Structures are given as C-alpha cells and as structure tokens.
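Shown next, in structure tokens, is the structure this report addresses.
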Amino acid sequence: MQEITGLAPIRERIAHAAREAGRPEGAVTLVAVSKMFDNKAIRPVIAAGQRVFGENRVQEAHAKWPPLLEEFRDIELHLIGPLQSNKAKIAVALFDWIETVDRDRIARALAGEIASQGRSPGLMVQVNTGEEPQKAGVLPKDADEFLDRCRGELALDIKGLMCIPPAGEEPSLHFALLERIARRNGLDLLSMGMSADFEKAIHFGATHVRVGTAIFGPRG
Ligand SMILES: *Cc1c(COP(=O)(O)O)cnc(C)c1O
Numbered sequence: 000m001q002e003i004t005g006l007a008p009i010r011e012r013i014a015h016a017a018r019e020a021g022r023p024e025g026a027v028t029l030v031a032v033s034k035m036f037d038n039k040a041i042r043p044v045i046a047a048g049q050r051v052f053g054e055n056r057v058q059e060a061h062a063k064w065p066p067l068l069e070e071f072r073d074i075e076l077h078l079i080g081p082l083q084s085n086k087a088k089i090a091v092a093l094f095d096w097i098e099t100v101d102r103d104r105i106a107r108a109l110a111g112e113i114a115s116q117g118r119s120p121g122l123m124v125q126v127n128t129g130e131e132p133q134k135a136g137v138l139p140k141d142a143d144e145f146l147d148r149c150r151g152e153l154a155l156d157i158k159g160l161m162c163i164p165p166a167g168e169e170p171s172l173h174f175a176l177l178e179r180i181a182r183r184n185g186l187d188l189l190s191m192g193m194s195a196d197f198e199k200a201i202h203f204g205a206t207h208v209r210v211g212t213a214i215f216g217p218r219g
C-alpha cells in the first residue's frame, strides 16, 4: 500500500515542538482538518489512528460524518468554522466541540439546544485577533465581557479560545494575544496553529492545533 497519509510526520513534529517548548507529552491535541475531503480520503487517516477531526461547515460535516461516527465510536469532531444560529441544532447534535462561539445570538442558540438535547459539546470562543472585518470572532477588546455573559447569564461552560491569524502576517503576536486573553479569563485551552505555523503556536501554548493540508494534501 502506498503512503496515503501525512499523519506520522505531523505527529512527530508536534511531539518535537512540545518537547522544545518544555511542555508535557500529550499537551497538544492534533485536530485533523478534513474539510473538502470525502470519506475515502478520511478513512486512511482514521486507520492510521487519528481520532480527532475538524470541519468548517456544518452542512458538509452533517453530510459525510454520521456513518463514520457510527462505525468509529471514539471519534471526536470539532466545528472550526462559522456557525449560524439556525444550524445550532445540528451542530450540537453532531459535534463534540464547537470552537467558534463568537456572538450573543449563537451563544443563546447553543444554550437552548444544549438544554433541550441534553448534550453538551465542549465550547471555545473564537477571537478575531487581527480585527479583520471579514473574519468571524469576537474582537479582543470585547472578549472579556463576552466570556462573562456566556459563562454567567447563559451558563455556558467555555473551555478555551480559538483564533485564525490574518493571512500573510507574523502569527506569533496573535498567538501571544490569544494566550493572554485566555490566561486572564482562567481558560485552559487554546486552539491555534495550522499547517504553516503549528510549531510556533505550540511554543505559545496551543493545546489544539488544526492541521489540514499537511495531512491530507492540497484541497481541490
Ligand atoms: C482549513 C482550516 C484549517 C487548516 O488549514 P491548513 O492550512 O490546511 O492546515 C485550520 N483552521 C481552520 C479554521 C480552517 O478553516
């Protein structure tokens, strides 16, 4: 069988970066980003032992993941793309983690679905660290208040923060900013770093790195 998954070298690089940063083994979870890849491409990665996957579209994930989740009960699925409140129901039913909570409407919709479905995905708040107008995420200056509202009024158990630094910018400042916001709000998890910069993110404390291309190859 030919080499069909880039998983092993990525795992090795993650372990190495964690060691270099003086972080304990297992401190970093690899989220394999399978967006735009079909089940034929995903299966070999599952077969190679990967169990944590990320998708950026609710509809796409809903179309392809249920049979795989049925077959492999220990898979953990992360939503890493924007969520509309009319998709909150599917999202809460399908995902184990929702990393992109970023406004009151979504937070409210999730709180409602969590209560009615009795299912509680892990939650992270997305921060728009680069303050890009086209990008999702709460602004850094609004993050503390938003977190207070989510955790207080809505009783959402937010576990961490997620960011996507601006393309073409040095990501380190964004990783450092996200880490500061998490620390001052007592949050343990940091989802940051993608194929091009996950080692740097690990240096800045990433607990979750989201890697697509480096595992699956270029997206069509
Ligand atoms: C696509 C995507 C990734 C993975 O990007 P790669 O450069 O392919 O590793 C990570 N995070 C989010 C939010 C994405 O949409």
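Numbering follows numbering that gives the first Met the number 0, in which position 20 of the sequence shown is assigned residue number 19; successive positions increment by one, without gaps.
For every residue, glycine included, the Cβ atom is placed at its ideal position computed from N, Cα and C.
Everything numeric in this text was worked out from a predicted model, so none of it was measured.
Query: Does the stretch 105-118 come close enough to the stretch 131-140 that 3 or more CB-CB pairs lie under 8 Å?; Result: no
Query: What residue from 59, 11, 31, 95 has the CA that sits closest to residue 123's CA?; Result: 95
Query: Which two residues bound the contiguous alpha helix (DSSP H) that contains residue 133?; Result: Counting along the chain, residue 133 falls outside any alpha helix (DSSP H), and DSSP gives it neither H nor E.
Query: Suppose the cutoff is 8 Å on Cβ atoms and the five residues either side in sequence are ignored; what does the same chain contact list for residue 0 look like?; Result: Confidence in residue 0 is poor, its pLDDT being 39 and thus under 50, which makes the residue's placement unreliable; the coordinate value appears in the next sentence. No residues qualify anywhere along the chain.
Query: With contact counted as at least three CB pairs below 8 Å, one residue from each stretch, are the stretch 52-61 and the stretch 92-106 in contact?; Result: yes
Query: At what residue ranges does the stretch 178-205 contain a whole run of the beta strand (DSSP E), taking only runs of 3 or more?; Result: 188-190
Query: For residue 201, count neighbouring C-beta atoms within 10 Å of its own C-beta (all shown protein chains included) and say buried if the count is 16 or more, exposed if not.; Result: buried
Query: Whole angstroms is fine: what's the gap from residue 203's alpha carbon to residue 108's?; Result: 32 Å
Query: Once DSSP output is grouped into helix, strand and coil, what is the label at residue 158?; Result: strand
Query: Taking the alpha helix (DSSP H) that residue 71 belongs to, which residues open and close that run?; Result: Note, residue 71: premise wrong, no alpha helix (DSSP H); not H, not E.
Query: Taking its Cβ as the centre, do 16 or more other Cβ atoms sit within 10 Å of residue 173, making it buried, or is it exposed?; Result: buried
Query: Just how far apart, CA to CA, sit residue 213 and residue 185?; Result: 32 Å
Query: In angstroms, rounded to a whole number, what distance separates the CA positions of residue 264 and residue 128?; Result: Because residue 264 is not part of the residues shown, which for the chain are 0 to 219, the question remains open.
Query: Ignoring anything shorter than 4 residues, give me the alpha helix (DSSP H) runs that lie fully in the stretch 33-117, in order along the chain.; Result: 38-46, 57-63, 65-70, 87-93, 103-116
Query: What does the alpha-carbon distance come out to for the pair residue 46 and residue 67?; Result: 12 Å
Query: Since I believe residue 209 is in contact with residue 193 (beta carbons under 8 Å), could you give me their beta-carbon distance rounded to a whole number of angstroms?; Result: 6 Å
Query: Assuming the contact rule is C-beta atoms closer than 8 Å, residue 24 and residue 17 should be a hit. Round their C-beta distance to whole Å, please.; Result: 7 Å
Query: State the beta-bridge partners of residue 31 as determined by DSSP.; Result: 52, 210
Query: The alpha helix (DSSP H) spanning residue 6 covers which residue range?; Result: 6-19
Query: Quick check on DSSP: helix, strand or coil for residue 153?; Result: coil
Query: For residue 167, write down the residues that DSSP places opposite it in a beta bridge.; Result: None; residue 167 has no bridge partner.
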